[in-house]
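This report concerns only the one structure given below.
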Amino acid sequence: MSCASSESPRRIALVDCNNFYVSCERVFAPQLAHRPVAVLSNNDGCVVARSEEVKALGIAMGTPFHEIRALVKSAGIAVYSSNYALYGDMSARVMQVLAQFTPRVEPYSIDEAFLHFTGWEDARLTEHAQHMVKTVRRWTGIPVSIGIAPSKVLAKVANRVAKQQRLPGGVCQLTDPALHPAILAQMPVGELWGIGKRWTQRLQALDIHTAQQLRDSDPSQLRARFGVVMQRLIYELRGVSCLDTEALTPPKQQLIASRSFGRPVTELTALQEAVASHVARAGVKLRRQGSVTQALVVFIQTNRFKQEAFPYHQAVTLRLPAPTADTGKLIGYAVMGVKALYRAGLRYKKAGVMLLNLAPAQQIQLDLLHPGDDERSRRRMQVVDQLNAKMGNGTLRFAREGWQQPWQMRQAKRSPAYTTKWEELPRV
DNA sequence: TCTGGGGTCCTAGGACCC
DNA sequence: TCTGGGGTCCTAGGACCC
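Okay, so the first sequence: first residue is 1 according to my numbering, each after it adds one.
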């Protein structure tokens, strides 16, 4: 196992946007401040973001929306469908502001980034971070919290402390090891970054209940039981940085595009349309990162929550004769895959595709019998992508994606794409 | 009626090779 | 009568994350 050898100790800040999706909605709807606000997952299925007021009402992350309809009404909760055009754009703005404070920004998710301040004076870090919090708020409208520590896992812990205890300026600095035991002893082991449900149960069975107890456990013993990931986590808790600190996000190795349907789908052609449109979305992502794919997985499934007479959940993997980034070719394979999977008489709930074995378009092995995408194909896809980027998604699409698309997901309460569509600019 | 979508890393075991 | 040992690659599945 390779952990950081000690030159100067690492200083890692985790910047996390508070209730990110809710905060994005509030930026353009100031009347929502201090009101309970919730944002739903795709298809308006589950609650995926909650304002503090909603958390106080006892609504858990991931609660199915239909379970809380009554409460939504009685408590006057403002509910929104997910608006990824807005959240993605706001995320990019926040990251851009953060980049002004250090060149080493490592985005981790849509609402989080690790920033590297190794070599800075500890005495100046809190103040510097507080300045970041203020600047992000002023320039984007998004509130953030920051945790600073010698490792990523401890930076996560610090961030949680900053949020929970509402520390001044939204910042918690845990660079002094003397502060760690008291805080880790208060923290249930299951709330650590990297410890999920299963591991929590297994750790508790070993009488390890708090983060401090895990920190004090024997790393090699726990490695034998849980694997190297757990060993690294223990070192991270001890302030020894073991996790990668890559500044560059490497290209994805696989891409998934899938959706639940707004209502059950029974027809083969409708399933093929839906899958074709998922392929088109995956294709855009594929080309954006300059990759080609060598294998395609298609899957369709019935409603897993329902007692169906015939629960059906099947996938087929298609190895492509030559690597490609051409949506047209991929759709051709995908609709064949759907046909092979399709059983008449079932009510399908969800379908999707995965692109696997991605490789850089520049470095593919050439095959005399199965040449890859030719120049015409590349230029065609380039035109499609550019046009859709300029005129809006779906402006130019493949006929196989269908026109009416009655299977589209529900999105009844979506706010406007305030920042990415001219027609939807906010009026002042 | 209604229950999201998109990722990563690690490990174990089988196939195959020398 | 006898039937090794070690390496690599691939895949499936399990764990985790937001």
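Even for Gly, the Cβ is constructed at its ideal location relative to N, Cα and C.
For residue j and residue i, believed in contact at Cβ under 8 angstroms, the rounded distance
i	j	result
G194	L233	5 angstroms
T439	T324	The structure shown does not extend to residue 439, since the chain is modelled only from 1 to 428, so the question has no answer here.
L125	T175	7 angstroms
F28	C46	Rounded, the Cβ-Cβ distance is 23 angstroms, inconsistent with contact.
R304	M409	Going by Cβ atoms, the distance from R304 to M409 rounds to 16 angstroms, so no, they are not a contact pair.
T210	A185	5 angstroms
A149	I12	6 angstroms
L296	V228	With 8 angstroms as the limit, L296 and V228 do not qualify as a contact, their Cβ atoms being about 32 angstroms apart.
V171	A129	4 angstroms
P406	Y418	Contact flag wrong, Cβ pair sits at about 28 angstroms.
Chain-order list of residues whose beta-carbon lies under 6 angstroms from that of residue i (same chain, five-residue window excluded)
i	result
L214	V189 and I208
R414	S81 and N83
A431	Given a span of 1 to 428 for the chain in the structure shown, any question on residue 431 remains unanswerable.
D122	T175
P219	Q231 and I234
Cβ shell of residue i (< 7 angstroms), same chain only, five flanking positions each side left out
i	result
T395	L387 and N388
K156	L14, G147 and W193
E401	E273, A276, S277 and A280
V105	M95, L98, A99, A113 and L115
L32	E25, R26 and A78
Q289	P251 and K252
R238	R215
S435	As shown, the chain starts at 1 and ends at 428. That puts residue 435 outside it, with no answer to give.
C-beta atoms of residue i and residue j nearer than 8 angstroms
i	j	result
V54	P36	yes
M90	T140	yes
V265	Y342	no
V335	V275	yes
A351	I300	yes
A257	A282	yes
I142	V133	no
A412	G372	no
S145	K163	yes
S241	R397	no
T420	A85	yes
L355	L255	yes
R287	M381	yes
G262	N18	no
L222	K339	no
V298	G337	yes
S8	T102	no
Buried/exposed call for residue i, threshold 16 Cβ in 10 Å
i	result
A280	buried
T249	exposed
K252	exposed
F20	buried
M1	Note that M1 scores a pLDDT of 48, beneath 50, so its modelled location is shaky and nothing firm can be said.
A399	exposed
H180	buried
D111	buried
G58	exposed
E236	buried
T327	buried
W403	exposed
D16	buried
S217	buried
A70	exposed
L243	buried
Q363	exposed
Own chain, CB closer than 8 angstroms to residue i, minus 5 neighbours either side, in chain order
i	result
E423	none
L346	T266, T302, E308, F310 and Y312
G392	K421
For this session: Please list the segments of the beta strand (DSSP E) lying wholly inside the segment 228-252, counting only runs of 3 or more residues, in order along the chain.
Result: For the segment 228-252, not a single whole beta strand (DSSP E) run of length 3 or above is found.
Problem set entry | Segments of 4+ residues assigned as alpha helix (DSSP H) that fall wholly inside the segment 106-161 | With a minimum length of 4 residues, the continuous alpha helix (DSSP H) runs that stay inside the segment 106-161 are 122-140.
Problem set entry | Whole alpha helix (DSSP H) elements within the segment 18-60, 4-residue minimum | Within the segment 18-60, the alpha helix (DSSP H) runs of at least 4 residues that lie entirely inside it are, in chain order, 20-27 and 52-56.
Problem set entry | Unbroken stretches of the beta strand (DSSP E), 3 residues or longer, contained in the segment 303-391 | Secondary structure remark: continuous beta strand (DSSP E) runs of at least 3 residues inside the segment 303-391, in chain order: 313-324 and 348-356.
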